[in-house]
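Residue numbers (the working numbering), protein chains in the order written: chain V, 1 to 283; chain Y, 1 to 94; chain L, 1 to 354. Quick reminder that beta carbons are idealized off the backbone N, C-alpha and C, glycines included. These figures come from a predicted structure and were not determined experimentally.
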Amino acid sequence: MKHEFRVTVGPVGFRIGSDWKQPLDRMRRLYQGYPVPDIPDFTVRLFAQRPWRKIIRPSVTIGGDYMLPDAQPMALAHGLLAAEMGMNLQMALGQRRYLVLHASAVERDGKALLMTGESGAGKSTLSALLGERGWRFMGDEFALVDLENGAIHAFPRMVSLKNEAVALFEAQPDRLGPIMHITPKGTIRHLRPPEDAIARMEESARPAMLLFPRFGFEPAVREMGEAEVFVRLTQASTNYVALGEAGYDALTTLVRSVPTRAIDYPDTERAVEAVERLWADLG
Amino acid sequence: MTEAVFRADPPDARRCVVLADGVTVVYHRPSGLTHILAPPAPEVLAAMSEGDADTGTLIARLERDHDLSGTDDLRGTLTARLVELETAGLVWRP
Amino acid sequence: MMTDARLLTRALADPQSALALDAQGWTDLIAMARAEQLIGSLAHRLDGLDLPETVARLCDDARLSARHARTQALWEAEMGRRVLASLGEPVVLLKGTAYVAAGLSAGIGRSIGDCDILVRRGALDAVEKALIGQGGWEWVKEDSYDDAYYREHMHELPPLIHKDRDRMIDVHHTVLPLTARPTPDAESMIAESEELDVSDGGGGLRVLSPPDMICHSAAHLFADGDLAGGLRNLWDIDRLLRDFGEREGFWNRLGQRAELHQLSTPVSRALRLAEILYDTPVDGDLAGPGRAGDLLYVRRLLARDGWGRETRKCLRFAFYIRSHWLRMPPLMLAKHLWTKWRKGQANANGPGSA
Numbered sequence: 001m002k003h004e005f006r007v008t009v010g011p012v013g014f015r016i017g018s019d020w021k022q023p024l025d026r027m028r029r030l031y032q033g034y035p036v037p038d039i040p041d042f043t044v045r046l047f048a049q050r051p052w053r054k055i056i057r058p059s060v061t062i063g064g065d066y067m068l069p070d071a072q073p074m075a076l077a078h079g080l081l082a083a084e085m086g087m088n089l090q091m092a093l094g095q096r097r098y099l100v101l102h103a104s105a106v107e108r109d110g111k112a113l114l115m116t117g118e119s120g121a122g123k124s125t126l127s128a129l130l131g132e133r134g135w136r137f138m139g140d141e142f143a144l145v146d147l148e149n150g151a152i153h154a155f156p157r158m159v160s161l162k163n164e165a166v167a168l169f170e171a172q173p174d175r176l177g178p179i180m181h182i183t184p185k186g187t188i189r190h191l192r193p194p195e196d197a198i199a200r201m202e203e204s205a206r207p208a209m210l211l212f213p214r215f216g217f218e219p220a221v222r223e224m225g226e227a228e229v230f231v232r233l234t235q236a237s238t239n240y241v242a243l244g245e246a247g248y249d250a251l252t253t254l255v256r257s258v259p260t261r262a263i264d265y266p267d268t269e270r271a272v273e274a275v276e277r278l279w280a281d282l283g
Numbered sequence: 001m002t003e004a005v006f007r008a009d010p011p012d013a014r015r016c017v018v019l020a021d022g023v024t025v026v027y028h029r030p031s032g033l034t035h036i037l038a039p040p041a042p043e044v045l046a047a048m049s050e051g052d053a054d055t056g057t058l059i060a061r062l063e064r065d066h067d068l069s070g071t072d073d074l075r076g077t078l079t080a081r082l083v084e085l086e087t088a089g090l091v092w093r094p
Numbered sequence: 001m002m003t004d005a006r007l008l009t010r011a012l013a014d015p016q017s018a019l020a021l022d023a024q025g026w027t028d029l030i031a032m033a034r035a036e037q038l039i040g041s042l043a044h045r046l047d048g049l050d051l052p053e054t055v056a057r058l059c060d061d062a063r064l065s066a067r068h069a070r071t072q073a074l075w076e077a078e079m080g081r082r083v084l085a086s087l088g089e090p091v092v093l094l095k096g097t098a099y100v101a102a103g104l105s106a107g108i109g110r111s112i113g114d115c116d117i118l119v120r121r122g123a124l125d126a127v128e129k130a131l132i133g134q135g136g137w138e139w140v141k142e143d144s145y146d147d148a149y150y151r152e153h154m155h156e157l158p159p160l161i162h163k164d165r166d167r168m169i170d171v172h173h174t175v176l177p178l179t180a181r182p183t184p185d186a187e188s189m190i191a192e193s194e195e196l197d198v199s200d201g202g203g204g205l206r207v208l209s210p211p212d213m214i215c216h217s218a219a220h221l222f223a224d225g226d227l228a229g230g231l232r233n234l235w236d237i238d239r240l241l242r243d244f245g246e247r248e249g250f251w252n253r254l255g256q257r258a259e260l261h262q263l264s265t266p267v268s269r270a271l272r273l274a275e276i277l278y279d280t281p282v283d284g285d286l287a288g289p290g291r292a293g294d295l296l297y298v299r300r301l302l303a304r305d306g307w308g309r310e311t312r313k314c315l316r317f318a319f320y321i322r323s324h325w326l327r328m329p330p331l332m333l334a335k336h337l338w339t340k341w342r343k344g345q346a347n348a349n350g351p352g353s354a
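Below, the structure written as structure tokens:
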């Protein structure tokens, strides 16, 4: 393909090919300093479905080793988002070495805090914020669970900040990607992880606490039964079934060894307070 | 009336973990599927390890090993559990 | 320099040769293998060789995936068996599920999609009722046009999917569409099928006889789509021929069965193509002399680049039209494509396939 970019994030190497230069230039800027793989684990392609779509109302279709059959093309201005989605797709459909959980992760003293839940629950924003408050940011989208020893491996990709969350980081424009208006009401900007997160991306951590946060509710903390946690984590995993018995072992161990709470919070400051309190008690 | 006879895989075809709330998470090796079972389903499966059984035989085995006093409509409950286990593929009619 | 899938066929046929690849070569090979659904097979061929660390890890991953695909495929077959056993009908597994169930080389590392079974045409109703009634399968939602098309003209029931497991089962009563030109003798295939070892008693599942497996595979290589998946199909044939080619009388039998099924031309061509791509040892008489079309087929089959993209678009288009022509009489083809096009207009669909 005409343009190519490679990047290693945590233990996974990616190769991204593109019919256009712009999305990859943007990636190069945000991912500066990340290692580069000789032989990538996954290939992503950003391509034009018809030759004229490279130039006339250019639209980007996401492809790669693993593809969705009815992928809708995106505007070229959102090419960076398309590339990130392409990497997500490879991880979701093709990752077999780690149990993949849709969860954010931060680390302190060698121990990891995982946060999982519905889209919009706030796990991305919370993990980014905690990364500025003395925690090491490990990832906002996927937490990778080691199948042999249960450790959490860091996967520090660009953080997807939505709408109001962007304002929290506007004072650091060097770390921010372009503004993308995805819907009339929805804006996304990508945030480069803190330097220590990038420098220490190969350090894993033992999972010590699991939270199911919910944004926009009065503060509350609720204990959760292990069965409920197990079921919700299988729903939060993209590859649990594909991993067979190894996935079963990893997940049952995680559920039985890591204290879990559901927390509701009205704003991010209160969430951070709740997290610190719980960590002091349980972590 | 002859009742249906059911069969289960031998115990080593399954991995079982009992969670703190009493629920058993079962990994079924022949299918690669994971099932969440609440009592008495795990006990029913374990009782099948002695060999093929219809509901009557199953009741006898379970009464021998567990205290089932106070269970309403034992026969109906166990038959329903067997049918659910059959749908899940954990038991079948040979 | 344009890369094509010779990189992949060479690595499969002669795994040692891949050790000479540089990092870019490995990168291209892996992308190609994934695109051709051959990464599992490749991973098994490379097993034990001194590979770069990333490649070794990706091969481990691919072997794990293939093992899981095998478990799932055999389970679907078993659940089908449990429901259909009481009908007393022969149920013949086809394609990937058959290869793993029978422990054949073609099953090693194979990616497997749906469960395909072959039953007698007269048994279709009973099979349909049993799968839906007791088994928990249901129709994949299709509109009434496609449903009619499937039943009358294709060689299978409309697709069935299992409510809980979300896996498809395809029930066939012939091997090629009823409207296609060669008409293989499905009843004879069923009659010659072989029962699998079932340690647990009860109605066993069956697989095609070895010569019929080759005929079936060759029929689909040329009649199905525009040779999409052709490299994997021919790898199946290579592996099957290596498993059975040494058996007494095998090649004669293959020739006889091919003739019975009106598949002599596709089978001979498949033998020649397998020999060209994978150095498969084939019987010279049955394969026959090379023909003009062979190289064109080879070019089409190898049309994959190091990014996993299909190349040589004009060739692909020509093969696509031709394969539909083989499957349907011209008037029917026109009507079918017209109706599909009109539906496409009504849905105001996005981009179609490239």
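TODO: For chain L, find out if any of its Cβ atoms is closer than 7 Å to the Cβ of Y:S49; answer yes or no.
DONE: no
Task: Residues that V:L256 contacts on chain Y, provided the C-beta gap is smaller than 8 Å - done: According to the sequence provided, residue 256 of chain V is Arg. The question's Leu does not apply to it. Ordered by position in chain Y, the residues that pass the 8 Å Cβ test against V:R256 are V17, L19, A20.
Open item on the list: So if DSSP puts L:V83 in a beta bridge, which residue, or which two residues, is it bridged to?
Closed with: Answer by DSSP bridge pairing: none, since L:V83 is not bridged.
Task: Contacting residues, own chain, Cβ-Cβ under 6 Å from L:M168 (five flanking each side not counted) - done: D114, P159, I161
Open item on the list: Comparing C-alpha positions only, which one of Y:V25, Y:D54, Y:P40, Y:T87 sits nearest to Y:V5?
Closed with: Y:D54
Task: In DSSP terms, what V:S160 is bridged to - done: V:H190
- [ ] Please report how far the alpha carbon of L:H216 lies from the alpha carbon of Y:V44, in whole angstroms.
- [x] 45 Å
Open item on the list: I'd like to know if V:T252 contacts chain Y, where contact means its C-beta is closer than 7 Å to some C-beta of that chain.
Closed with: yes
Open item on the list: Can you find the residues in the same chain that come closer than 6 Å, C-beta to C-beta, to V:L93, ignoring five residues on each side of it along the sequence?
Closed with: Y66
TODO: Using 10 angstroms around the beta-carbon of V:I179, count the other beta-carbons present and answer buried if the total reaches 16, otherwise exposed.
DONE: exposed
- [ ] Using a cut-off of 7 Å between C-beta atoms, extract the partners of V:R96 located in chain L.
- [x] D61, L64, S65
Open item on the list: Am I right that Y:L19 and V:V255 are in contact with their C-beta atoms under 8 Å? What's the rounded C-beta distance?
Closed with: 7 Å
TODO: Kindly list, in the order they appear in chain V, the residues whose Cβ is closer than 7 Å to that of L:H68.
DONE: A242, G244
Open item on the list: Using 7 Å as the threshold, is the C-beta distance between L:S105 and L:D243 below it?
Closed with: yes
TODO: Kindly say whether V:M1, judged by its beta-carbon, lies nearer than 7 Å to any beta-carbon of chain L.
DONE: yes
TODO: Please list the residues of the stretch 217-234 of chain V that have a C-beta atom closer than 9 Å to any C-beta atom in chain Y, keeping them in chain order.
DONE: G225, E226, A227, E228, V229, F230, V231, T234
Open item on the list: Is the separation between the beta-carbon of V:L161 and that of V:A143 shorter than 7 Å?
Closed with: no
Open item on the list: For chain V, check one thing: does any of its Cβ atoms lie closer than 7 Å to the Cβ of L:W26?
Closed with: yes
Open item on the list: For a minimum of 3 consecutive residues, which ranges assigned as the beta strand (DSSP E) are wholly contained in the stretch 114-173 of chain V?
Closed with: 136-139, 142-146, 159-162
TODO: Compare the C-alpha of L:G364 against each of L:V119, L:D164, L:I117, L:A126 and name the closest.
DONE: Summary: the structure shown does not reach residue 364 of chain L, with chain L confined to residues 1 through 354, and so no result is reported for it.
TODO: Please check if any C-beta of chain V sits within less than 7 Å of the C-beta of L:R34.
DONE: yes
- [ ] With a cut-off of 8 Å on the beta carbons, I'd call V:V9 and V:F155 a contact; round off their distance for me.
- [x] 6 Å
Open item on the list: Does any residue of chain L have a CB that is nearer than 7 Å to the CB of Y:S69?
Closed with: no
Task: Rounded separation between L:M213 and L:Y99 - CA only - done: 9 Å
Open item on the list: Could you tell me the alpha carbon to alpha carbon distance between L:A354 and Y:Y27, rounded to whole angstroms?
Closed with: Low confidence applies to L:A354: its pLDDT is 32, below 50, so where it sits in the model is not reliable, and the reading given next is rough at best. Near 42 Å, if we compare the C-alpha coordinates of Y:Y27 and L:A354.
TODO: Compare the Cα-Cα distances from L:R312 to each of L:Q256, L:A228, L:R291, L:D283 and report the closest residue.
DONE: L:A228
Open item on the list: Which same chain residues end up closer than 8 Å to L:P90 when comparing Cβ atoms and leaving out the 5 residues on each side of it in sequence?
Closed with: V119, R120, I190, S193, R206
TODO: Please report how far the alpha carbon of L:A348 lies from the alpha carbon of L:T265, in whole angstroms.
DONE: Here L:A348 scores only 41 on pLDDT, less than 50, and its place in the model is too uncertain to base an answer on.
TODO: Please state whether DSSP places V:A288 in a helix, a strand or coil.
DONE: Limits of chain V in this structure are 1 at one end and 283 at the other, which puts residue 288 of chain V out of reach.
- [ ] Could you give the DSSP three-state label for Y:G89: helix, strand or coil?
- [x] coil
Open item on the list: Suppose you measure from the CA of L:R358 to the CA of L:D28; what does that come to, to the nearest Å?
Closed with: Residue 358 of chain L cannot be examined here, being either before or after the span of chain L that is shown, 1 to 354.
Open item on the list: For a quick check, are the C-beta atoms of V:P73 and V:V60 less than 7 Å apart?
Closed with: yes
Task: Sub-7 Å separation of V:A242 and V:L147 beta-carbons - done: no
- [ ] Following the continuous alpha helix (DSSP H) through L:M213, name the residue where it begins and the one where it ends.
- [x] 210-223
Task: Extent of the continuous alpha helix (DSSP H) to which L:R110 belongs - done: Where L:R110 is concerned, there is no enclosing alpha helix (DSSP H), given that its DSSP letter is neither H nor E.
Task: Straight-line Cα distance separating L:R247 from V:Q90 - done: 44 Å
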